[in-house]
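Just so we're aligned, residue 85 is where the sequence shown starts under the numbering used here, counting upward by one. All C-beta atoms in this analysis are idealised placements derived from N, C-alpha and C, irrespective of residue type, glycine included. Report on one structure; see the data block that follows.
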Amino acid sequence: GRTGKEPKEHTDILTDCLLKFVLFSSNLLFTALGLATLGLGLWGLFNKESFTQEKLDSIGTDPMLLFVFLGLVLSLLCLTGCVGAVRENCCLLRTFSVVLLFLVAAQVLAAIVAYSLQGQITNLLRTGMLNAMVRYQDDLDLRFITDEIQTGLQCCGADNYRDWQINSYFNCSAPGIQACSVPPSCCVDPLENGTVWNSQCGVGAQLLDEFSAQSVIFLGGCLGSISRWIEQHSGLIGTVAIVLLGVQLIMLIVATRLLDNIQWNRTQAQQRMARS
Numbered sequence: 085g086r087t088g089k090e091p092k093e094h095t096d097i098l099t100d101c102l103l104k105f106v107l108f109s110s111n112l113l114f115t116a117l118g119l120a121t122l123g124l125g126l127w128g129l130f131n132k133e134s135f136t137q138e139k140l141d142s143i144g145t146d147p148m149l150l151f152v153f154l155g156l157v158l159s160l161l162c163l164t165g166c167v168g169a170v171r172e173n174c175c176l177l178r179t180f181s182v183v184l185l186f187l188v189a190a191q192v193l194a195a196i197v198a199y200s201l202q203g204q205i206t207n208l209l210r211t212g213m214l215n216a217m218v219r220y221q222d223d224l225d226l227r228f229i230t231d232e233i234q235t236g237l238q239c240c241g242a243d244n245y246r247d248w249q250i251n252s253y254f255n256c257s258a259p260g261i262q263a264c265s266v267p268p269s270c271c272v273d274p275l276e277n278g279t280v281w282n283s284q285c286g287v288g289a290q291l292l293d294e295f296s297a298q299s300v301i302f303l304g305g306c307l308g309s310i311s312r313w314i315e316q317h318s319g320l321i322g323t324v325a326i327v328l329l330g331v332q333l334i335m336l337i338v339a340t341r342l343l344d345n346i347q348w349n350r351t352q353a354q355q356r357m358a359r360s
């Protein structure tokens, strides 16, 4: 341990500089990640025209606001760490350390809960997707998310394309042209080799047998596609999660050590002034 009579070593200065560099650079990286998340959320809001006058009333329930919120929190937290390291501000560094410790604990707890409740999570996903399908025409946010999932994973429905029977518009007993249809995001080629989204490409798809339907729409459900995607990328997901958690732990240790050094240096300076 250090004592009041111990002189400031040259190596201590280098150590402080190294700690500042590590903390600043890692926070800069996470700031970029936070801004990317914020950009994704804003893109979703603008893509759905959520800021138009008639939709402002329901913007408070928009799921894209979660990305905006997470992006803002992450960016502000990392900027706090950056400024705290550069300015040697104990208050900012202490705030950064406490919030980061809370986030690390929350991530570990979430990982444990997710691993121990895998079956329940699958059921929750199925229930959530079926509810989204029921409200597909009535909720712009759920329609946007459902379309993004079906287009991105090339799937249709929760378990298969016939799940769209639960929607009152796509049910085969419903009146209108959409009866026995599926959304255009289920279509293999929704643009039909053009540039304009063809909203009628899934009309009557539920009337087709699977052999005929497979050239028009995706037959497989999205829950199976999600499971396969996770299985195929489980190694990468695990590696990324461990690396991110490790980086956060290193940042927490570095911030705590830097804070301790700053406080010790200031105590030493005060003692030298008192002696002189």
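Item                                                                                                                                                                                        : Value
Counting along the chain, where does the alpha helix (DSSP H) carrying glutamate 172 start and finish?                                                                                      : Per DSSP, glutamate 172 belongs to no alpha helix (DSSP H) and is neither H nor E.
Give the C-beta separation of threonine 121 and phenylalanine 151 to the nearest angstrom, bearing in mind that I take them to be a contact with Cβ-Cβ under 8 Å.                           : 5 Å
In chain order, what residues of the same chain lie with their CB nearer than 6 Å to the CB of leucine 154, ignoring the 5 residues before and after it?                                    : Thr121
Fully enclosed by the region 308-340, which alpha helix (DSSP H) runs are 4 residues long or longer?                                                                                        : none
Along the alpha helix (DSSP H) that carries asparagine 244, what are the first and last residues, could you check?                                                                          : Looking at the DSSP string, asparagine 244 is not in any alpha helix (DSSP H), and its letter there is neither H nor E.
Bridge partners of glycine 41, per DSSP?                                                                                                                                                    : The structure shown has nothing for residue 41, since the chain only spans 85 to 360.
How about leucine 342 and leucine 163: are their beta carbons less than 8 Å apart?                                                                                                          : no
Nearest CA to the CA of threonine 235: which residue from Gly212, Leu209, Asp223, Val266?                                                                                                   : Val266
Please report how far the alpha carbon of alanine 216 lies from the alpha carbon of glutamine 332, in whole angstroms.                                                                      : 35 Å
Please classify glutamine 137: does DSSP put it in a helix, a strand, or coil?                                                                                                              : Per-residue confidence for glutamine 137 stands at a pLDDT of 47, beneath the threshold of 50, marking its modelled position as unreliable; the derived number appears in the next sentence. Three-state DSSP puts glutamine 137 in a helix.
Would you please verify whether the beta carbon of leucine 122 is less than 8 Å from any beta carbon of chain B?                                                                            : Although the question refers to chain B, the structure presented lacks it and comprises just one protein chain.
Between the Cα of serine 159 and those of Gly118, Phe180, Arg178, Trp127, spot the shortest distance and give me the residue it belongs to.                                                 : Gly118
So what does DSSP say about isoleucine 301, is it helix, strand or coil?                                                                                                                    : strand
Exposed or buried, which one is asparagine 251 when buried takes at least 16 other CB atoms within 10 Å?                                                                                    : buried
Among Met148, Lys104, Cys175, Gly286, whose alpha-carbon lies nearest the alpha-carbon of cysteine 64?                                                                                      : Nothing can be reported for residue 64, as the shown portion of the chain is limited to 85 through 360.
Might you give, ordered along the chain, the residues of its own chain that have their beta carbon closer than 6 Å to the beta carbon of glutamine 137, omitting 5 neighbours on each side? : Residue confidence is low: glutamine 137 scores 47 on pLDDT, short of 50, so the model does not pin down where it sits. Its coordinate-derived value is still stated next. Nothing listed; no residue qualifies.
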